[in-house]
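Take a look at the structure set out below.
Protein chains in written order, with the numbering used here: chain A, 4 to 198; chain B, -13 to 445; chain C, 38 to 280.
Pasting the structure below:
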């Protein structure tokens, strides 16, 4: 209901005033118990989950093995135009539209969801993880944690501008629930786990 | 009254049921999604704890929404984001339109946002000469077909692949008669890639807005929200004021629940946390009320604001699966839509709380434990109380109540009814009796239990 | 132990054999059962249609008839749930009723704690979980929850000699009866009922049983229209031993 004094108020003031008078006064109470699942082997779980959502993972010793391994992982795929994790950003994100492969470093992996956390600092360009045809994310084996609760513990108060969990390739099941990989984003997603 | 109009749920559902094979297909497709949800939930022994925790966090948000919104606004502004407030859909649409005009463009891309569906943003912008391209594949399909989505997570779940093939043949030039989902998805990818590359403004929805950091989280599987935003000069994110969560760590709880409840995935492919715009880019967040602040006052209906739009209640609802999303004649269909819509317009949506058997499955799958079926019951009471029920129904209920509140009348009329059914069956065995249309009536016994009891137990 | 027998109106009028089976079953257990003759209906037909206000008379009548019993037992989960959840007067009699009313199967498993039954029913039987009994009164675990399985009606049926309980593809989907829903939303209601029946028949049920005659009445109506030889039977009739 709009009272007399609300006339002349901005939408913001009116909304906030209504909320203030309408929001319930409910005691918070104790935070309810929550015991998250734990995995005996988070690395195996991570690989298993990632595979179940269409991604792939491969353990390697060193980053410099990636180019060779890529040829075997993406046989017959065009991978001539690629961007590496230490490349300089181009001025315009549109310039990445024909990128075949982007190789980027992720911060950590989450076993329960097969997701890798990556922020703008590792993206080279913010468009890159989404616009490339094939996405390669590199994490260290020691950076694989159990659940998303652990993930946000780890993220803490980090001051990223953009942070994303990426879990497998872009996908859709909008046509009769048939899963198709490569909707708009990457058609494949491979995670290299450095031992 | 309006309840009996020809576009109410019962009428539209009846129409949907004319093609039984299609109903079977629709039901099975959605049941499959429900089963995927069950499987995902059962992998987490703490599932019920998670739901309880999520519900508790949302209760906290609703109790302190004023403070959290101010905190969110402050942090977002500090992050370099423009924050707008809209009381009504019209205000929301005008704000979005103005931002678009300020950048001198007449074409935008938009990822999925139920809020913009609620506000009918597309129609508004189209009326003002702006071309809106929905970039979620399912939404693009229904947009090309000139329809609203029939499901909040699976917008074209009512479309068969052959029909999509024909639609794409017409609009995107795919080969005639080809209904291969891989081919059709690739065609949409190429068609929309061009739109992403040429749009200067991208609109997204918001799954969660974090008060503590001023960031918003947008979840998609296709990556369409991200592509749109990262290739645009302006990002406009539209959200209802109830999307707030207090802190970043709460996202752990919600992201664990959202995709598992929606599609049975452990998480969506992309869960993007937009905190600051890219250098040179603008970011706008439009906070929309549209009745939410009023609903906050209601002990009975407040909890509907906890909804995270996962769609699990749609997939489990035996009525939704057999009546289709459009039978709900509102942007958000299904059980949750049936308790949201009457709050906006009791006259127009007064039929929806009756489009349920009150089986309670919706409340059980809800990741934030909204008491959906109890609210459906309460809406029924309110709708009748406020006079949005037909006089015929009211009269019938009065007659029934009259018979049932006196043991003598009850017995006399019960006996008469049974006599009638035996002697003059044509009075009820006719096409005007909806029970009899596809069901036989119970066989009428000679005596009631009460009569038997008098004879056999009490002299 | 004084037990008051509450027989829902439509059972009284159309399915007296269910009332008789319930009474006889309770009597055989040595209970002192009486059926208050002034009872009519719990008021649910009005309340679920949005006319809770018109159910107040039924509520008063119910309280009048059923105050003073140690337990109130009824062969209907739905009506019991209504009495428990939607009876609104606040007084001592009402709260006593809330605490002393039980649906038949939960009364047998939780209060009487029966361990065996001396009856047989040599058929393949499908159990229809009526929603109000299952999700409302928690007579069985619900498929949506991540929690341990249990089923009070199944436990009782497992005590019946020769009875073969079939499994279903959808263990606890609603049949579509839903009170006035069955006529107001006739098309969906019947479709839901047909789909439940198909599930039972695909698993070769001879009988569909359950703890709520209303759902069974709806399924029976469809079965008979289909001229199907499968039949419905209330769980009380099986547990009492069918003549």
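Idealized CB from N, CA, C, for every residue including glycine.
In this text the structure is predicted, and so the values were computed from the model without any measurement.
Would you check if the distance between the CB atom of residue i and the CB atom of residue j is smaller than 8 Å?
i	j	result
residue 111 (chain A)	residue 142 (chain A)	yes
residue 207 (chain B)	residue 255 (chain B)	yes
residue 145 (chain A)	residue 103 (chain A)	no
residue 228 (chain C)	residue 3 (chain B)	yes
residue 270 (chain C)	residue 230 (chain C)	no
residue 354 (chain B)	residue 302 (chain B)	no
residue 187 (chain A)	residue 121 (chain B)	yes
residue 343 (chain B)	residue 139 (chain C)	no
residue 314 (chain B)	residue 50 (chain B)	no
residue 211 (chain C)	residue 345 (chain B)	yes
residue 72 (chain B)	residue 81 (chain B)	yes
residue 435 (chain B)	residue 48 (chain C)	yes
What do you get for residue i, buried or exposed, if any count of 16 or more other CB atoms within 10 angstroms of its CB means buried?
i	result
residue 100 (chain B)	buried
residue -13 (chain B)	A caution first: residue -13 (chain B) carries a pLDDT of 37, below 50, which makes its placement in the model too unreliable to give a value.
residue 159 (chain C)	exposed
residue 142 (chain C)	buried
residue 166 (chain C)	buried
residue 41 (chain C)	buried
residue 74 (chain A)	exposed
residue 199 (chain C)	exposed
residue 265 (chain B)	exposed
residue 87 (chain B)	exposed
residue 67 (chain B)	buried
residue 402 (chain B)	exposed
residue 316 (chain B)	buried
residue 187 (chain C)	exposed
residue 139 (chain B)	buried
Starting from the C-beta of residue i, find all residues in its chain whose C-beta is less than 6 Å away, skip the five residues before and the five after it, and write them out in chain order.
i	result
residue 78 (chain C)	46, 95
residue 87 (chain A)	106
residue 39 (chain B)	239
residue 76 (chain A)	193
residue 299 (chain C)	Examination of residue 299 (chain C) is not possible in this model, given that chain C is present from 38 through 280 alone.
Alpha helix (DSSP H) containing residue i: first to last residue?
i	result
residue 254 (chain C)	250 to 262
residue 18 (chain B)	6 to 28
residue 206 (chain C)	Neither: residue 206 (chain C) is in no alpha helix (DSSP H) and is coded neither H nor E.
residue 53 (chain B)	51 to 64
residue 151 (chain B)	147 to 158
residue 44 (chain C)	Residue 44 (chain C) -> no alpha helix (DSSP H), and no H or E assigned at all.
residue 18 (chain A)	14 to 25
residue 236 (chain C)	223 to 239
residue 363 (chain B)	358 to 371
residue 301 (chain B)	298 to 302
Tell me where the beta strand (DSSP E) around residue i begins and ends.
i	result
residue 163 (chain C)	161 to 165
residue 269 (chain B)	268 to 274
residue 188 (chain B)	187 to 190
residue 210 (chain B)	It is not in any beta strand (DSSP E) - residue 210 (chain B) instead sits in the alpha helix (DSSP H) that spans 210 to 216.
residue 108 (chain A)	104 to 108
residue 46 (chain A)	That residue, residue 46 (chain A), is in no beta strand (DSSP E); its alpha helix (DSSP H) goes 45 to 55.
residue 225 (chain B)	220 to 226
Give every residue of the same chain whose Cβ lies closer than 7 Å to the Cβ of residue i, excluding the five residues on either side of it in the sequence, and list them in chain order.
i	result
residue 54 (chain C)	274
residue 145 (chain C)	151, 193
residue 218 (chain B)	185, 186, 187, 188
residue 121 (chain A)	107, 109, 110, 132, 140, 167, 169
residue 441 (chain B)	none
residue 52 (chain A)	114, 115, 116, 117
residue -11 (chain B)	Because the pLDDT of residue -11 (chain B) is 42, which lies under 50, any placement of that residue in the model is unreliable, and the number read from its coordinates should be weighed accordingly. Answer for residue -11 (chain B): 336, 337, 374, 375, 376, listed in chain order.
residue 277 (chain B)	329, 330
Please name the residues in the region 164 to 180 of chain A whose beta-carbon is closer than 9 Å to at least one beta-carbon of chain B, in chain order.
-> 164, 165, 166, 167, 168, 169, 170, 171, 172, 173, 174, 175, 176, 177, 178, 179, 180
Residues from the region 152 to 163 of chain B in contact with chain A, defined by Cβ distance under 9 Å = none
Relative to chain C, which residues along the region 28 to 52 of chain B have a C-beta separation below 8 Å, given in chain order?
-> 28, 30, 31, 33, 34
Quick one, which residues of the region 391 to 417 of chain B are near chain C if we go by CB-CB under 8 Å, in chain order?
-> 391, 392, 393, 396, 400, 403, 404
Mind checking the region 35 to 52 of chain A against chain B and listing, in chain order, the residues whose C-beta falls within less than 9 Å of any C-beta there?
-> 35, 36, 37, 38, 39, 40, 52
Mind listing which residues of the region 56 to 77 of chain B have their C-beta closer than 7 Å to chain A's C-betas, in chain order?
-> 71, 72, 73, 77
Under 7 Å (Cβ pairs) to chain C, residues found in the region 292 to 325 of chain B = 302, 304, 305, 308, 309
Between the region 360 to 375 of chain B and chain A, which residues of the former have a C-beta closer than 9 Å to a C-beta of the latter?
-> none
Going along the chain, which residues of the region 83 to 101 of chain C sit with their C-beta nearer than 9 Å to a C-beta in chain B?
-> 83, 84, 85, 86, 87, 88, 89, 90, 91, 92, 93, 94, 95, 97, 98
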